[in-house]
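Residue numbers (this note's numbering): 178 to 654.
All residues carry an ideal CB built from backbone N, CA and C; glycine is no exception.
First up is the structure itself, then whatever we jot down about it.
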Amino acid sequence: MILALFWLFAIIAIWLPLRVIVYGLLISISFGTLAVVPLEISGGVTFLPVTVLSSVVIVRLILKSDVAAVVDAALNWRHLGLLMAFLVYAILITGIAPIVFAGVPTMGLNIQQFTPLAPGAGNITQGLYLANSCLMTLATFLLLSKEDGRQLFRKALIIGGSAVVVTGIADMATYGSAALSEFRTASYTLLSNSDMAGVRRVVGLQPEASAFGYLALSFGSLITFMRPAETLDRRWHWLAALAGWSCLLMAALSTSSGAIAGLVVFLVIMVCDTIALLLRGQGGAATGRLRGNLGVLIGLVVAAGLVLTVLPDVASQLAKVFDAAVVRKASTSSFEERLYWNTVSLDGLRATGGFGLGVGSTRASSWFVALACGTGVIGSALLGLFVMHAVFQPVGRAHFADRLLIGGAKRTLLVSLLPFAGSATSVDFGLLIAFVFAVLTAIPANSAQSRVTADSRVAPSRHRSMSIARAHRLTNR
Numbered sequence: 178m179i180l181a182l183f184w185l186f187a188i189i190a191i192w193l194p195l196r197v198i199v200y201g202l203l204i205s206i207s208f209g210t211l212a213v214v215p216l217e218i219s220g221g222v223t224f225l226p227v228t229v230l231s232s233v234v235i236v237r238l239i240l241k242s243d244v245a246a247v248v249d250a251a252l253n254w255r256h257l258g259l260l261m262a263f264l265v266y267a268i269l270i271t272g273i274a275p276i277v278f279a280g281v282p283t284m285g286l287n288i289q290q291f292t293p294l295a296p297g298a299g300n301i302t303q304g305l306y307l308a309n310s311c312l313m314t315l316a317t318f319l320l321l322s323k324e325d326g327r328q329l330f331r332k333a334l335i336i337g338g339s340a341v342v343v344t345g346i347a348d349m350a351t352y353g354s355a356a357l358s359e360f361r362t363a364s365y366t367l368l369s370n371s372d373m374a375g376v377r378r379v380v381g382l383q384p385e386a387s388a389f390g391y392l393a394l395s396f397g398s399l400i401t402f403m404r405p406a407e408t409l410d411r412r413w414h415w416l417a418a419l420a421g422w423s424c425l426l427m428a429a430l431s432t433s434s435g436a437i438a439g440l441v442v443f444l445v446i447m448v449c450d451t452i453a454l455l456l457r458g459q460g461g462a463a464t465g466r467l468r469g470n471l472g473v474l475i476g477l478v479v480a481a482g483l484v485l486t487v488l489p490d491v492a493s494q495l496a497k498v499f500d501a502a503v504v505r506k507a508s509t510s511s512f513e514e515r516l517y518w519n520t521v522s523l524d525g526l527r528a529t530g531g532f533g534l535g536v537g538s539t540r541a542s543s544w545f546v547a548l549a550c551g552t553g554v555i556g557s558a559l560l561g562l563f564v565m566h567a568v569f570q571p572v573g574r575a576h577f578a579d580r581l582l583i584g585g586a587k588r589t590l591l592v593s594l595l596p597f598a599g600s601a602t603s604v605d606f607g608l609l610i611a612f613v614f615a616v617l618t619a620i621p622a623n624s625a626q627s628r629v630t631a632d633s634r635v636a637p638s639r640h641r642s643m644s645i646a647r648a649h650r651l652t653n654r
């Protein structure tokens with residue numbers, strides 16, 4: 178029944194209004210354990226709802242845009258040219274390395290043990306996932322190039338964050354039962370009943386707590402820092418506040434070490450932002466941000482004080498969770514296992530002389546290690562240059578609400594980097610980072626285009642004014 182409803186929506190989404198399929202895409206990110214193609218048909222490969230719907234969104238947005246705009250976005254190095262060069266290089270490496278360097282050490286994707294390098298299905302599936310994320314960056318870039326697209330993006334973020342909260346609550350409410358079993362049909366190992374220091378870990382509809390913690394943390398950071406409801410009506414303001422802070426709470430309840438570290442970074446950034454706003458003393462919208470930040474920080478301090486004084490047992494349990502998830506993380510068997518993955522993968526990279534093993538050839542426990550091993554030195558450099566350019570390029574004359582999107586994207590990149598870099602097993606950076614990349618490149622590009630258009634309009638008027646003045650002087654003679 179669930180699969181029938183999904184495929185009905187996926188098919189009619191071809192003709193539905195764009196906003197409906199975009200909302201559906203952001204909601205589908207929360208369903209990370211639902212195989213929409215029966216495993217006996219797919220040969221054991223899991224196709225998630227987000228994989229299918231993202232393909233529909235990509236095709237619709239590209240077909241809707243002008244060919245010149247698509248080409249400029251994809252090939253201009255000031256936009257996404259470096260990212261697309263990285264994708265092409267990664268695909269070439271994936272086709273060449275498993276053949277040329279066959280037999281070098283790698284870590285198996287599914288069996289999680291030493292495996293000699295050889296071409297496999299993982300190269301195809303992981304390569305497609307990476308291509309999907311890069312093309313989603315392009316599609317989102319095109320969406321954000323127009324004001325109505327940016328408004329749609331803001332609403333979709335809030336709806337997507339709300340879906341994360343709903344799945345987290347559903348997981349908590351159905352603990353110990355099989356009520357959500359129809360949504361957990363993926364072929365990979367699912368750790369939906371694990372605990373940390375005696376506290377049950379919230380996993381939502383993700384394979385494990387670390388995946389849910391990263392998802393909730395990213396959505397919470399995006400909504401809180403980007404302030405997507407800034408240009409929307411009052412109803413969206415309330416929903417955004419509820420979704421953003423509830424996502425951060427869900428990230429804490431996942432008890433993922435990466436998510437907890439990310440929450441610490443989140444609080445540090447918020448404190449620094451608050452201090453900066455106090456020192457500037459600006460009015461208007463900045464005053465609203467300052468009041469919101471101060472309200473949140475004061476509320477957190479008061480809540481922490483109440484927990485420590487009124488509920489000492491709860492405070493003691495939280496301390497145990499933090500100790501188990503962060504302080505003693507390096508002494509756990511899980512940490513040693515993941516460290517072994519990285520060691521084997523790096524041995525394989527050295528065996529290729531830095532050329533790379535190909536996307537999907539090995540399993541790592543750090544995105545940086547996966548990136549280096551999968552695409553080699555050159556591929557890592559291409560993506561690194563793209564990220565540096567996207568983060569540091571000037572914003573121009575962007576509207577205040579658009580500046581919030583860019584600032585929120587940069588802050589989210591910092592917050593999400595710890596859990597993502599410490600737990601991602603493949604080169605694919607996923608849709609959430611794709612959205613961040615698109616925001617960081619599309620809005621400055623749109624601002625620059627608007628400035629050129631404005632200058633082109635001013636120039637003729639100046640020319641006419643000078644001609645009139647010249648004619649007036651000649652008449653007076």
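(Q) When you compare the stretch 304-312 with the stretch 276-290, are there three or more beta-carbon pairs, one atom per stretch, that lie closer than 8 angstroms? (A) no
Q) Hey, quick one: how far does the alpha helix (DSSP H) through M403 stretch, first residue to last? A) Your numbering for residue 403 matches position 226 in the sequence shown. Where M403 is concerned, the enclosing alpha helix (DSSP H) stretches over A386 to M403.
**Q.** Segments of 4+ residues assigned as alpha helix (DSSP H) that fall wholly inside the stretch 425-449
**A.** none
Q) Quick one: what does DSSP say F291 is sitting in, helix, strand or coil? A) To locate residue 291, count along the sequence shown from 1; it is residue 114. Correct three-state label for F291: strand.
(Q) For the ligand FAD, is there any heavy atom lying closer than 7 angstroms to the beta carbon of R327? (A) What this structure holds is no ligand at all, so the ligand FAD is not there to describe.
Q: Taking T283 as part of the beta strand (DSSP E), name the residues at either end of that continuous run.
A: Against the sequence shown, residue 283 aligns to sequence position 106. Residues P282 to M284.
Q | Cβ neighbours of P226 in the same chain (closer than 7 angstroms, five flanking residues each side left out) | A | Against the sequence shown, residue 226 aligns to sequence position 49. Excluding sequence neighbours, P226 sits near F183, S205, F208, L211 and V213.
(Q) Are the CB atoms of P596 and S387 within a distance shorter than 8 angstroms? (A) What you label residue 387 is simply residue 210 of the sequence shown in a count that begins at 1. What you label residue 596 is simply residue 419 of the sequence shown in a count that begins at 1. Yes, Cβ-Cβ distance for S387 and P596 is below 8 angstroms.
(Q) Taking 6 angstroms as the limit between beta carbons, can you name the residues of its chain near L560, skipping five residues before and five after? (A) Taking the first residue of the sequence shown as 1, we reach residue 560 at position 383. Cβ within range, chain order: F263.
**Q.** Assigned exposure category for L456 - 16 Cβ within 10 Å defines buried
**A.** Indexing the sequence shown from 1 puts residue 456 at position 279. Classification for L456: exposed.
**Q.** Assigned secondary structure, T539 (DSSP; H/G/I helix, E/B strand, else coil)
**A.** Numbered from its first residue, the sequence shown carries residue 539 at position 362. The answer is coil: DSSP assigns T539 none of H, G, I, E or B.
(Q) Please give the ranges of any alpha helix (DSSP H) in the stretch 544-592, keeping only runs that are unbroken, at least 4 residues long and fully inside the region. (A) 544-569
Q. What are the boundary residues of the alpha helix (DSSP H) that F278 is part of?
A. Position 101 of the sequence shown holds residue 278. Run containing F278: none; DSSP gives neither H nor E here.
Q) Excluding the five sequence neighbours on either side, which residues of its own chain have a C-beta within less than 6 angstroms of the C-beta of T408, listed in chain order? A) The residue you call residue 408 lines up with position 231 of the sequence shown. Same-chain partners within the cutoff: A578.
(Q) Measuring straight from C-alpha to C-alpha, what distance separates T451 and R466? (A) Residue 451 sits at position 274 when you count from the first residue of the sequence shown. Residue 466 sits at position 289 when you count from the first residue of the sequence shown. About 8 angstroms.
Q: Please list, in chain order, all residues of the same chain as T602 whose beta carbon is under 7 angstroms from its beta carbon, the five residues on each side excluded.
A: To locate residue 602, count along the sequence shown from 1; it is residue 425. Closer than 7 angstroms at the Cβ level, and outside the excluded window around T602, lie R540, A541, S542 and A547.
Q) Between which two residues does the alpha helix (DSSP H) harbouring R327 extend? A) In the sequence shown, counting from the first residue as 1, residue 327 sits at position 150. Counting along the chain, the alpha helix (DSSP H) containing R327 begins and ends at E324 to A350.
**Q.** Closest residue to A567 among V554, D410, L590 and C449 (Cα-Cα distance)
**A.** Taking the sequence shown and counting its residues from 1, the one referred to as residue 567 is at position 390. The residue with the shortest Cα to Cα distance from A567 is L590.
Q) So, helix, strand or coil for H414, using DSSP? A) For this step, residue 414 is matched to residue 237 along the sequence shown. The answer is helix: DSSP assigns H414 an H, G or I state.
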